[in-house]
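Enquirer: Sending over a structure as structure tokens; questions will come in a sec.
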Amino acid sequence: MAELFTVQNLFTLGMLVFLQAVLGFDNLLYISLESKRVPEDKQQYVRRVGIGLAIILRIVLLVVVLQAIDMFQAPFITIPHGTPFIEGAFNVHAAIVLAGGAFIVHTAFKEISHMLSIDHLDHEVGGDGGGRSVGVAIAWIVAMNLVFSFDSILSAIALTKVVPVMATAILISGVLMMLLADHVAEFLKRNRMYEVLGLFILLIVGVMLLSEGGHLAHLHLFGQPVEAMSKTTFYFSIAILVIVDIAQGRYQKKLDLERAHGEH
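FYI, the numbering for the sequence shown is 1027 to 1290, going by our numbering.
Structure representation (structure tokens):
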């Protein structure tokens, strides 16, 4: 047991916690938006139970991936070369990432259109209308957490083969996520305009997962390979969205002040 606390293992643990935190940003955003679909008095409960169950299942997934990593990489559906319009080789990893990306893109588009709909002004995204049951919300949080976990788990396996170190990193990052989820949800509640920014970030996350899943499946569409969106491109896109949102907010305040001054 003492050999687990070597300098190398402690350094690896720190790296894994940092990695989980960076890769968990989009997951945290999804959790905050999903929990807002249940009644307000149940939102914190949904976040904490969902993340708690996800931590347990993430450790289970870690063990499963370690035992059956070849199975996750072996194709189970192959569309041969020369097939019109599409070709590729789908494995379990690619299928899960593609399904998660498609679901997130669908969710983002649905919520954006719902937000802009005049017929639903009283039930905006993030409102307290209780549009989803507690059990369903928890199930979606757990399911999407596992989708987001694949990259971090595979990255962890590349860094170390010591299971206790990886499991400890998952526990620490899960506790941090549980603490931060309440703050993110409260921030979005106080600053409703940022929900629009959050949904578009979620949309980019979905596109990134679709591109990554297509790359993992060696997918070719109309003869062109699907390339994974690089993390640099992803974070640059997020930075641009945030800058545009801040600039637009300040310009809107300036226009409001000019309008108020003109009325006087």
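Glycine included, every Cβ here is placed at the ideal spot set by N, Cα and C.
Computed from a prediction, not measured in an experiment: that's the story for all the values here.
Closest to residue 1089 by C-alpha separation, out of 1190, 1036, 1078, would be which residue?
Expert: Your numbering for residue 1089 matches position 63 in the sequence shown. Here the closest residue by C-alpha is 1190.
Enquirer: Going residue by residue through the segment 1111 to 1146, where are the continuous alpha helix (DSSP H) segments of at least 4 residues, counting only ones entirely within it?
Expert: Correct list: 1118 to 1142.
Enquirer: Check for me: the beta strand (DSSP E) holding residue 1109 runs from which residue to which?
Expert: In the sequence shown, counting from the first residue as 1, residue 1109 sits at position 83. Per DSSP, residue 1109 belongs to no beta strand (DSSP E) and is neither H nor E.
Enquirer: Could you check the C-alpha separation between residue 1149 and residue 1220 for me, to the nearest Å?
Expert: Within the sequence shown, numbered from 1, the residue matching residue 1149 stands at position 123. Within the sequence shown, numbered from 1, the residue matching residue 1220 stands at position 194. Residue placement at residue 1149 is poorly supported in this model, since its pLDDT is 48, which falls under 50; the coordinates still yield a value, given next. Roughly 17 Å separates the two Cα atoms.
Enquirer: For the 8 Å Cβ check, are there 3 or more pairs between the segment 1202 to 1211 and the segment 1067 to 1086?
Expert: Judged by Cβ distances under 8 Å, the segment 1202 to 1211 makes contact with the segment 1067 to 1086, as three or more pairs qualify.
Enquirer: If you draw a straight line from the C-alpha of residue 1062 to the C-alpha of residue 1109, how long is it?
Expert: Taking the first residue of the sequence shown as 1, we reach residue 1062 at position 36. Taking the first residue of the sequence shown as 1, we reach residue 1109 at position 83. Those two C-alpha atoms are separated by around 44 Å.
Enquirer: So what's residue 1244 in DSSP terms, helix, strand or just coil?
Expert: On the sequence shown, position 218 is the one that residue 1244 refers to. Here residue 1244 sits in coil by DSSP.
Enquirer: So, at 6 Å on beta carbons, what are the nonlocal neighbours of residue 1095 in its own chain, with the 5 sequence-adjacent residues on each side left out?
Expert: Counted from its first residue, the sequence shown places residue 1095 at position 69. Contacts found: none.
Enquirer: Could you tell me whether the Cβ atoms of residue 1235 and residue 1130 are closer together than 9 Å?
Expert: One-based indexing of the sequence shown puts residue 1235 at position 209. One-based indexing of the sequence shown puts residue 1130 at position 104. In contact: residue 1235 and residue 1130 (Cβ atoms closer than 9 Å).
Enquirer: Let me check understanding here. Comparing Cα to Cα, which of 1058, 1257, 1054, 1064 lies closest to residue 1159?
Expert: Start at 1 with the first residue of the sequence shown, and residue 1159 comes out as number 133. Out of 1058, 1257, 1054, 1064, 1064 has the C-alpha closest to the C-alpha of residue 1159.
Enquirer: Mark residue 1057 as exposed unless 16 or more other C-beta atoms lie within 10 angstroms of its C-beta, in which case mark it buried.
Expert: As a first step, residue 1057 is located in the sequence shown; it is residue number 31 there, counting from the start. Buried.
Enquirer: Taking all protein chains shown into account, decide if residue 1162 is buried (16 or more other Cβ within 10 angstroms of its Cβ) or exposed.
Expert: Within the sequence shown, the letter at position 136 stands for residue 1162. Burial call: exposed.
Enquirer: Would you check if the distance between the CB atom of residue 1127 and the CB atom of residue 1238 is smaller than 9 Å?
Expert: If you number the sequence shown from 1, residue 1127 lands on position 101. If you number the sequence shown from 1, residue 1238 lands on position 212. In contact: residue 1127 and residue 1238 (Cβ atoms closer than 9 Å).
Enquirer: Give me whichever residues DSSP pairs with residue 1251 in a beta bridge.
Expert: Mapped onto the sequence shown, residue 1251 falls at position 225. Its beta-bridge partners are 1246.
Enquirer: Can you list, in chain order, the residues of its chain with a C-beta nearer than 6 Å to that of residue 1079? Leave out the 5 residues immediately preceding and following it.
Expert: Position 53 of the sequence shown, counted from the start, is the residue given in the question as residue 1079. Excluding positions up to five away in sequence, the list reads 1168.
Enquirer: If you draw a straight line from the C-alpha of residue 1200 to the C-alpha of residue 1077, how long is it?
Expert: Counting from one through the sequence shown, the residue named residue 1200 turns up at place 174. Counting from one through the sequence shown, the residue named residue 1077 turns up at place 51. Spanning the two alpha carbons is a distance of roughly 7 Å.
Enquirer: Got a sec, what are the start and stop residues for the alpha helix (DSSP H) residue 1215 sits in?
Expert: For this step, residue 1215 is matched to residue 189 along the sequence shown. Counting along the chain, the alpha helix (DSSP H) containing residue 1215 begins and ends at 1189 to 1216.
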